[in-house]
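S.K.: Start counting the sequence shown at 64; every next residue gets the next number (the working numbering).
Ideal Cβ positions, reconstructed from N, Cα and C, are used throughout, including at glycine.
Here's a structure for you.
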Amino acid sequence: MERARKDRSGGGCHEASWSDQARRQRQAHLPHRYPDPLGLRRRVGRAESRQEQVLARERAHAVRRRRRREDAGVQGVPREHREDRLSAVAERTTTYADRRKRAAELAERYDFAREPLALYGALAGSQERALERARADRPSVDELAAYVVRAALPEVVGAVMNAGTETLREAVLLRFHEGDLERMVTSWLRGETQKGTDVFLARAATSPVLEALPEIARALPIAGEERFCPQCGGSPQVSVFVDSGEALVTGQRRLVCARCANEWVYPRMTCVACGETDSGKLVVLADPDQLPHLRIDACERCKRYIVSVDARLESHAVPIVDEIVAIPLDIVAAERGFTKVTPNLMGF
């Protein structure tokens with residue numbers, strides 16, 4: 064695993080490589096410093112970066128108003144006209160069949176992510192059935208928690224029994240039989256602090272119902288800030304850069320909700336956690352060789368980050384699935400003291 068440091072020849076180069084021996088020494092301590100809540104093993108060796116780009120603390124160009132470095136291969140991009148306007152976007156909505164297919168494709172490409180992707184694929188099948196059932200039953204917002212426990216949660220537990228690790232299966236069975244499951248779902252909807260297993264079960268079972276019934280999602284309390292989902296008030300899971308389809312026009316940056324999978328437009332070069340716009344405090348971590356369409360957008364001010372998917376480089380990307388593959392980048396970010404805005408369904 065690499066971490067950016069100054070080039071030994073001087074000049075402030077932002078790319079560096081660690082020796083294999085040093086990399087193995089760093090990995091030896093990772094399990095203690097980056098615990099795995101779902102008991103999934105990380106075989107990240109085959110996908111480790113040969114280069115890690117860190118673009119940080121660059122001064123904005125006086126005329127171009129963008130970050131610039133003499134040796135930078137990636138420059139900051141000015142905001143698109145009226146990009147600050149918040150709007151829900153529906154064009155990129157994916158089906159659960161798309162997500163299952165993408166999980167299978169990525170599992171073949173990235174061996175280190177095979178276990179979490181296999182679990183996600185199994186969960187996507189159970190979530191698809193929950194979504195279809197919710198569309199048919201159309202429960203009210205008042206009975207949401209009870210409906211999720213009755214109609215969706217058993218499907219999720221079944222998927223875990225089929226594809227989860229032994230650790231996860233034991234934790235899920237124990238929690239399922241402890242009872243008070245409606246309270247678990249309600250607490251998750253309110254954003255209250257919960258144990259990892261509670262968050263996993265509540266999210267996996269409730270999200271497809273919210274996705275199926277936008278009217279219920281819109282009935283939930285909303286924070287009103289553009290960094291939260293305008294539909295359900297949830298936090299963003301992943302950021303997506305899309306092609307504008309027009310020459311010389313900057314593509315939009317969109318955020319995908321961790322609760323209802325809704326998408327909305329968000330300003331580029333802006334922290335999704337605190338709204339910081341100072342380019343000197345915004346950091347990009349990337350591995351263009353192994354994960355060319357993924358990167359981390361982090362903020363030195365609040366020490367939070369989000370994974371970004373560049374759909375312009377990977378046209379078949381399904382952001383909510385591709386984000387799972389960013390495990391090596393997640394580990395690098397954690398080593399640098401950053402915390403993800405919203406851990407994904409797999410707990411990373």
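1) Hey, how far is the Cα of residue 223 from the Cα of residue 357?
2) Let me check one thing: in DSSP terms, what residues is residue 301 bridge-paired to?
3) Quick check: what's the CA-CA separation for residue 212 versus residue 343?
4) Is the CB-CB distance between residue 183 and residue 209 below 7 Å?
5) Give me the Cβ distance between residue 245 and residue 194, rounded to the nearest whole Å; I'm assuming they're in contact under 8 Å.
6) With DSSP collapsed to three states, give me the class of residue 179.
7) Confirm, please, whether the CB-CB distance from residue 317 to residue 297 is below 7 Å.
8) Please work out which residues of its chain come closer than 6 Å, Cβ to Cβ, to residue 406, disregarding the five sequence neighbours upstream and downstream, and give them in chain order.
9) Within 8 Å, do at least three Cβ pairs link the segment 357–371 to the segment 383–403?
10) Tell me where the alpha helix (DSSP H) around residue 261 begins and ends.
11) Measuring alpha carbon to alpha carbon, tell me which residue in 306, 341, 337 and 295 is nearest residue 319.
12) Once DSSP output is grouped into helix, strand and coil, what is the label at residue 285?
13) If you compare alpha carbons, which of 335, 226 and 243 is closest to residue 409?
14) Rounding to the nearest angstrom, what Cα-Cα distance links residue 348 and residue 239 in this structure?
15) Check the C-beta distance from residue 304 over to residue 361 and give it rounded, since I have them as a contact under 8 Å.
16) Ordered along the chain, which non-local residues of its own chain (more than five positions away) have a Cβ less than 6 Å from that of residue 85?
17) Looking only at C-alpha atoms, which of 290, 401 and 263 sits nearest to residue 219?
18) So the alpha helix (DSSP H) residue 382 belongs to, where does it begin and stop?
19) Report the three-state DSSP secondary structure of residue 366 (helix, strand or coil).
20) Would the beta-carbon of residue 204 fall within 7 Å of that of residue 282?
21) In three-state terms, what does DSSP make of residue 243?
22) Consult DSSP for residue 392 and reduce its assignment to one of helix, strand or coil.
23) Measure the beta-carbon distance from residue 386 to residue 300 and round it to whole angstroms, keeping in mind my assumption that it falls under 8 Å.
24) Tell me, which residues are paired with residue 416 by DSSP?
25) Under a three-way DSSP split, which group does residue 349 fall into?
26) DSSP on residue 335, reduced to helix/strand/coil?
27) For residue 358, does the three-state DSSP call read helix, strand or coil?
28) What did DSSP end up calling residue 402 once you bin it into helix, strand or coil?
29) At the level of alpha carbons, what is the spacing between residue 201 and residue 276?
M.R.: For this structure:
1) Numbered from 1 along the sequence shown, position 160 holds the residue referred to as residue 223. Numbered from 1 along the sequence shown, position 294 holds the residue referred to as residue 357. If you take the alpha carbons of residue 223 and residue 357, they lie about 27 Å apart.
2) For this step, residue 301 is matched to residue 238 along the sequence shown. DSSP output for residue 301 lists 319 as bridge partner(s).
3) Counting from one through the sequence shown, the residue named residue 212 turns up at place 149. Counting from one through the sequence shown, the residue named residue 343 turns up at place 280. Taking the straight line from one Cα to the other gives about 46 Å.
4) As a working note, residue 183 is residue 120 in the sequence shown. As a working note, residue 209 is residue 146 in the sequence shown. Not a contact, by the Cβ cut-off of 7 Å.
5) Position 182 of the sequence shown holds residue 245. Position 131 of the sequence shown holds residue 194. Separation of the CB atoms of residue 245 and residue 194 is rounded to 20 Å, and the pair is thereby denied contact status at 8 Å.
6) Counting from one through the sequence shown, the residue named residue 179 turns up at place 116. Of the three classes helix, strand and coil, the one that applies to residue 179 here is helix, per DSSP.
7) The residue you call residue 297 lines up with position 234 of the sequence shown. The residue you call residue 317 lines up with position 254 of the sequence shown. Not in contact: residue 297 and residue 317 (Cβ atoms no closer than 7 Å).
8) As a first step, residue 406 must be located in the sequence shown, where it is residue number 343. Nothing listed; no residue qualifies.
9) yes
10) Position 198 of the sequence shown, counted from the start, is the residue given in the question as residue 261. Boundaries of the alpha helix (DSSP H) around residue 261: 259–275.
11) Numbered from 1 along the sequence shown, position 256 holds the residue referred to as residue 319. Check the Cα spacing between residue 319 and each of 306, 341, 337 and 295: the tightest is with 295.
12) Here the question's residue 285 lines up with position 222 in the sequence shown. Coil, per DSSP.
13) Within the sequence shown, residue 409 is the residue found at index 346, counting from 1. Cα-wise, what sits closest to residue 409 is 226.
14) Locating residue 348 in the sequence shown gives position 285, counting from the first residue. Locating residue 239 in the sequence shown gives position 176, counting from the first residue. Using only the alpha carbons, I get a separation of about 38 Å.
15) Translated into positions along the sequence shown, residue 304 becomes position 241. Translated into positions along the sequence shown, residue 361 becomes position 298. About 16 Å separates the two Cβ atoms, so there is no contact after all.
16) Start at 1 with the first residue of the sequence shown, and residue 85 comes out as number 22. In this predicted model, residue 85 has a pLDDT of only 39, less than 50, meaning its place in the structure is not dependable; the value taken from the coordinates is given anyway. Counting only Cβ-Cβ distances below 6 Å, and skipping sequence neighbours, we find nothing.
17) Here residue 219 refers to the residue found at position 156 when the sequence shown is read from its first residue. Of 290, 401 and 263, the residue nearest in Cα terms is 263.
18) Counting from 1 along the sequence shown, the entry for residue 382 is found at position 319. First-last of the alpha helix (DSSP H) with residue 382: 382–385.
19) Position 303 of the sequence shown, counted from the start, is the residue given in the question as residue 366. It is coil, neither helix nor strand.
20) Sequence index remark: in the sequence shown, residue 204 carries index 141 (1-based). Sequence index remark: in the sequence shown, residue 282 carries index 219 (1-based). Yes, they are a contact pair.
21) Against the sequence shown, residue 243 aligns to sequence position 180. Three-state DSSP puts residue 243 in coil, outside helix and strand.
22) By one-based count along the sequence shown, residue 392 stands at place 329. Reduced to three states, the DSSP call for residue 392 is helix.
23) As a working mapping, residue 386 is identified with position 323 in the sequence shown. As a working mapping, residue 300 is identified with position 237 in the sequence shown. Right, their Cβ atoms sit about 7 Å apart.
24) Any property of residue 416 remains undetermined from this structure, which presents the chain solely from 64 to 411.
25) Position 286 of the sequence shown, counting from 1, holds the residue named residue 349. Strand at residue 349.
26) Within the sequence shown, numbered from 1, the residue matching residue 335 stands at position 272. Under the three-state reduction of DSSP output, residue 335 falls in the coil class, being neither helix nor strand.
27) Taking the first residue of the sequence shown as 1, we reach residue 358 at position 295. Residue 358: strand per DSSP, three-state reduction.
28) Taking the sequence shown and counting its residues from 1, the one referred to as residue 402 is at position 339. Strand, per DSSP.
29) As a first step, residue 201 must be located in the sequence shown, where it is residue number 138. As a first step, residue 276 must be located in the sequence shown, where it is residue number 213. Roughly 7 Å between the two C-alpha positions.
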